[in-house]
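Taken in sequence, the protein lines are chains B and W.
Sequential numbering of the first sequence, starting at 7, is according to our numbering.
Sequential numbering of the second sequence, starting at 24, is according to our numbering.
Presented below is the structure to which this report refers.
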Amino acid sequence: MAEKTGIEVSIAAADAVGMTNVDVVAAYPITPQTHIVEHLAELVASGELDAEYIPVESEHSAMSVCCGSSAAGARTFTCTSSQGLALMNEIVFLAASMSLPIVMMLANRSLSGPLSIWNDHSDVMSIRDSGCIQMFAENGQEVFDNTFFCFKVAENKKVSLPVILNMDGFSLSHMIEPIEYWTQEMVDAYLPDFEPVHRLHPDKPVTMGALGMPDVFTEAKKLQNETLINSKSVILDAWKEMGEVCGREYHPVETYKIEGAKVAFLSMGSMGEVVSLAVDALREKGEAVGQLKLRLWRPFPFEELAEAVKGLDQIIVLDRAISFGGPGGPVASEIRNALYHQDNMPFVTNYVCSLAGRDITANDFIKIYEESSSASEEMLKRNDYTIYGARE
Amino acid sequence: MEPLNIYASRLVNKQEYFTPGHKACQGCAEALAVRLVAKALGPNTVVASATGCMEVVSSAYPHTSWGVPWIHVAFENAAAVASGVEAGFKALVRKGKIPDQKTTILGMGGDGATADIGFQALSGALERGHDFVYVCYDNEAYMNTGIQRSSSTPYGASTTTSPAGKVKPGQLTWKKNMAAIAVAHEIPYVATACASYPMDLIEKVEKAAAMEGPAYVHILSVCPTGWRIPTKKAIWIGRLAVETGVFPLFEVVNGRYKLSFDQELRPVKEYLKPQGRFRHLTDEMIDTIQKRTNSDFEKLRIKAGAKT
Numbered sequence: 007m008a009e010k011t012g013i014e015v016s017i018a019a020a021d022a023v024g025m026t027n028v029d030v031v032a033a034y035p036i037t038p039q040t041h042i043v044e045h046l047a048e049l050v051a052s053g054e055l056d057a058e059y060i061p062v063e064s065e066h067s068a069m070s071v072c073c074g075s076s077a078a079g080a081r082t083f084t085c086t087s088s089q090g091l092a093l094m095n096e097i098v099f100l101a102a103s104m105s106l107p108i109v110m111m112l113a114n115r116s117l118s119g120p121l122s123i124w125n126d127h128s129d130v131m132s133i134r135d136s137g138c139i140q141m142f143a144e145n146g147q148e149v150f151d152n153t154f155f156c157f158k159v160a161e162n163k164k165v166s167l168p169v170i171l172n173m174d175g176f177s178l179s180h181m182i183e184p185i186e187y188w189t190q191e192m193v194d195a196y197l198p199d200f201e202p203v204h205r206l207h208p209d210k211p212v213t214m215g216a217l218g219m220p221d222v223f224t225e226a227k228k229l230q231n232e233t234l235i236n237s238k239s240v241i242l243d244a245w246k247e248m249g250e251v252c253g254r255e256y257h258p259v260e261t262y263k264i265e266g267a268k269v270a271f272l273s274m275g276s277m278g279e280v281v282s283l284a285v286d287a288l289r290e291k292g293e294a295v296g297q298l299k300l301r302l303w304r305p306f307p308f309e310e311l312a313e314a315v316k317g318l319d320q321i322i323v324l325d326r327a328i329s330f331g332g333p334g335g336p337v338a339s340e341i342r343n344a345l346y347h348q349d350n351m352p353f354v355t356n357y358v359c360s361l362a363g364r365d366i367t368a369n370d371f372i373k374i375y376e377e378s379s380s381a382s383e384e385m386l387k388r389n390d391y392t393i394y395g396a397r398e
Numbered sequence: 024m025e026p027l028n029i030y031a032s033r034l035v036n037k038q039e040y041f042t043p044g045h046k047a048c049q050g051c052a053e054a055l056a057v058r059l060v061a062k063a064l065g066p067n068t069v070v071a072s073a074t075g076c077m078e079v080v081s082s083a084y085p086h087t088s089w090g091v092p093w094i095h096v097a098f099e100n101a102a103a104v105a106s107g108v109e110a111g112f113k114a115l116v117r118k119g120k121i122p123d124q125k126t127t128i129l130g131m132g133g134d135g136a137t138a139d140i141g142f143q144a145l146s147g148a149l150e151r152g153h154d155f156v157y158v159c160y161d162n163e164a165y166m167n168t169g170i171q172r173s174s175s176t177p178y179g180a181s182t183t184t185s186p187a188g189k190v191k192p193g194q195l196t197w198k199k200n201m202a203a204i205a206v207a208h209e210i211p212y213v214a215t216a217c218a219s220y221p222m223d224l225i226e227k228v229e230k231a232a233a234m235e236g237p238a239y240v241h242i243l244s245v246c247p248t249g250w251r252i253p254t255k256k257a258i259w260i261g262r263l264a265v266e267t268g269v270f271p272l273f274e275v276v277n278g279r280y281k282l283s284f285d286q287e288l289r290p291v292k293e294y295l296k297p298q299g300r301f302r303h304l305t306d307e308m309i310d311t312i313q314k315r316t317n318s319d320f321e322k323l324r325i326k327a328g329a330k331t
């Protein structure tokens, strides 16, 4: 096994993409995604990576180029953030419905306005229902490892769907972290060559992106939904195999100090590491607190979640986005829904916090724990969600 | 031109790659143009189509009219999708993953998909220098959604969003000059064509495909439904568009203009009068159109090297 290297997560992410021997990269610059696409351009310029690098004129065209190259049978990658994702929104849905196995990294950043370049999850929530596989990484090693995983799952013939790897902008993408690189042999052993289900080629003409009249549309959508749901078995296998290759095995729902816990925090992305510090401190004080980390966002891991929350009285869901005029944070809303039919359903408390990169520390999570675990049930029920730390 | 056309038509590929059975309106000269372009390019072609009439009439699942590989993603991105297909082929060929068959990549869209909503994606693809052909099938309005005006709708035309009324006489802006905009990208080949001149169209599309780098072909595609003419008059109206100088046929090879049709122009009135969309035009407006047409044609002749 290789030694750990201290390296910026974005650079490591781009190196990982390069190690997949990707054929086409199409991207448009947007903060905080830039270091990833810049480094990929460097790898192409230096000859270390043999790929077509298409510096498109917009994110809409980035995803459109990706659709074309993926349909031609080329391994394809793009990367964006925030407004860029919003601009390509239309084509993200199309990539999924056309079964094009594009891999996209998102350096998550809040959606304007007001204009903000800092991190939260409001960008990716806008494509929640796009039909793409979506996962969150907590640290640089997870970004690096899961880059290979994303291509492996996307390109699996049983799946053939876009896969999105979320990493928090700046607070993860720009960190210098100790990362253990895979060797090229490990990558080659783990990730097979891309053999598309269908490709645009004159030897065997196919029509892609046909018009769907009402007599076939519902069936097409049902099939799309089933394909996404069924991708979970491929996802689980790919993570298991990764454990054999690099010794790190990932799961749809990760737990931390969950044994004997009555209350658990639940979050997605890099905030989980800070939450763990709070859990450690609270455990030291004798509180029965644990932690859940939702790694797989789509397909939603219903069974794994149900298993992980057994014995919990309360879940404190930490959301990084707001569903305006709706049920608060999108994650809490889904957790409530997922657990609705469960016997002894834990009470779900929702905190919307750390929007647009506002600092949040372990002490804040301790405060959140104290506030929500001491509140009466009646009070909690009246308060579906709290926007934490907002000045009045 | 006629006798040559009769002879030359025997040389045209008999195979159809845009096959009958599609759902285009009767008399659609755009479907004819698509068919001719497909013939000109032959089987070693991949097509990326924008949303629009030609996409809708040719691809309703489980039917397809396409005998060549064809992809449709969205309305405004045909040029971007085509550049992705081109990039994919280029990378796969270079890496030895597929053999080099010199496949032609074609991007296609209507005037709305080209001059309006897909303008940026087209400009980007032309600027980046992808080796592909882009064909705009220009029927001078959003016909698929019900004859709404586009930036390619000519001055005076009545459409459903530029209707002729008591105060406003239809479209008040002049047709966007997409061919000139394509030329401004300094690409190797730009041409205009019309299905009423099939041999000229085929020759230009073949030339476009043979060029290394981006090529742009702008095809006037007569729409009997939207232009409010009898279906049997589509070819005749297309000829009048050219013969009156309203839609000049020319090509620009590496920046050098060459007129494909340079005869004494017929009065624009002959082109305008038979069309319902111009029914309301006053003599004064027709005169304005005549002056503009003369002036534009003269500018074009000068670009093509005519003495002033």
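Ideal Cβ placement from N, Cα and C applies to all residues, glycine included.
Since the model is a prediction, treat every value here as computed from it, not as a measurement.
- Residue-level contact by beta carbon holds for Cys73/B and chain W, with a gap shorter than 9 Å.
- At least one CB of chain W lies nearer than 9 Å to the CB of Glu96/B.
- Residue contact check for Ala22/B against chain W: no CB pair falls below 9 Å.
- Excluding residues up to 5 positions away in sequence, Thr127, Leu129, Val228, Ala232 lie with their Cβ nearer than 7 Å to the Cβ of Leu64/W in the same chain.
- About 31 Å separates the beta carbons of Phe308/B and Ala362/B, which is beyond the 8 Å limit, so they are not a contact pair.
- Burial state of Phe142/B is buried, judged by a 10 Å Cβ sphere holding 16 or more other Cβ atoms.
- A straight line joining the alpha-carbon of Val159/B with that of Leu117/B spans about 28 Å.
- Interface flag for Val57/W against chain B is unset, since no Cβ pair is found closer than 9 Å.
- Here the alpha carbon of Lys210/B sits roughly 16 Å from the alpha carbon of Ala61/W.
- Ala284/B and Leu298/B do not touch by the CB rule: their CB atoms are close to 14 Å apart, not below 8 Å.
- For Leu55/B, the closest of Glu191/B, Val23/B, Glu63/B by C-alpha to C-alpha distance is Val23/B.
- In its chain, beyond the 5 residues on either side, Asp154, Pro211 have a beta carbon closer than 8 Å to the beta carbon of Glu235/W.
- According to DSSP, Pro211/B shares a beta bridge with no other residue.
- Among the residues of the stretch 38 to 52 of chain B, none has a Cβ less than 7 Å away from any Cβ of chain W.
- Val109/B has Phe83/B, Val169/B as its beta-bridge partners, per DSSP.
- For a Cβ distance threshold of 7 Å, residue set Ala78 of chain B lies close to Phe112/W, ordered along the chain.
- Here Gly133/W is actually not in contact with Ala71/W; their C-beta atoms are around 14 Å apart, not less than 8 Å.
- Per the Cβ contact rule, the stretch 260 to 272 of chain W is in contact with the stretch 281 to 296 of chain W (3 or more Cβ pairs under 8 Å).
- Taking the C-beta atoms as reference points, Leu115/W is found nearer than 9 Å to Gly79/B.
- In the three-state scheme derived from DSSP, where H, G and I count as helix and E and B as strand, Lys299/B is classed as strand.
- In summary, no residue of the stretch 227 to 261 of chain B has a CB separated from any CB of chain W by less than 9 Å.
- With a threshold of 9 Å between beta carbons, Glu63/B makes contact with chain W.
- Under the three-state reduction of DSSP output, Trp188/B falls in the coil class, being neither helix nor strand.
- With contacts defined as CB atoms closer than 9 Å, Phe371/B and Leu324/B qualify as a contacting pair.
- For Tyr84/W, the nearest CB of chain B lies under 9 Å from its own CB, placing it at the interface with that chain.
- Look at Gly334/B here: in three-state DSSP terms it is strand.
- Fewer than three Cβ pairs drawn from the stretch 220 to 236 of chain B and the stretch 99 to 114 of chain W lie within less than 8 Å of each other, which leaves the two stretches out of contact.
- Taking every protein chain shown into account, the CB of Phe301/W has 16 or more other CB atoms within 10 angstroms, so this residue is buried.
- Secondary structure of Pro211/W (DSSP, three-state): coil.
- Taking the CA atoms as reference points, Gln39/B sits about 26 Å from Ser282/B.
- A check of alpha carbon separations from Thr355/B across Leu49/B, Ile374/B, Phe306/B, Glu225/B identifies Ile374/B as the nearest.
- CA-CA distance, Trp93/W to Met131/W, rounds to 11 Å.
- Judged by DSSP secondary structure, Ser72/W falls within the beta strand (DSSP E) whose first and last residues are 68 to 72.
- In the structure shown, the three-state DSSP call for Phe41/W is strand.
- Per DSSP, the unbroken alpha helix (DSSP H) holding Gly24/B starts and ends at 15 to 25.
- Within chain B, Val62, Glu63, Ser64, Ser67 have C-beta atoms less than 8 Å from the C-beta of Gly147/W, given in sequence order.
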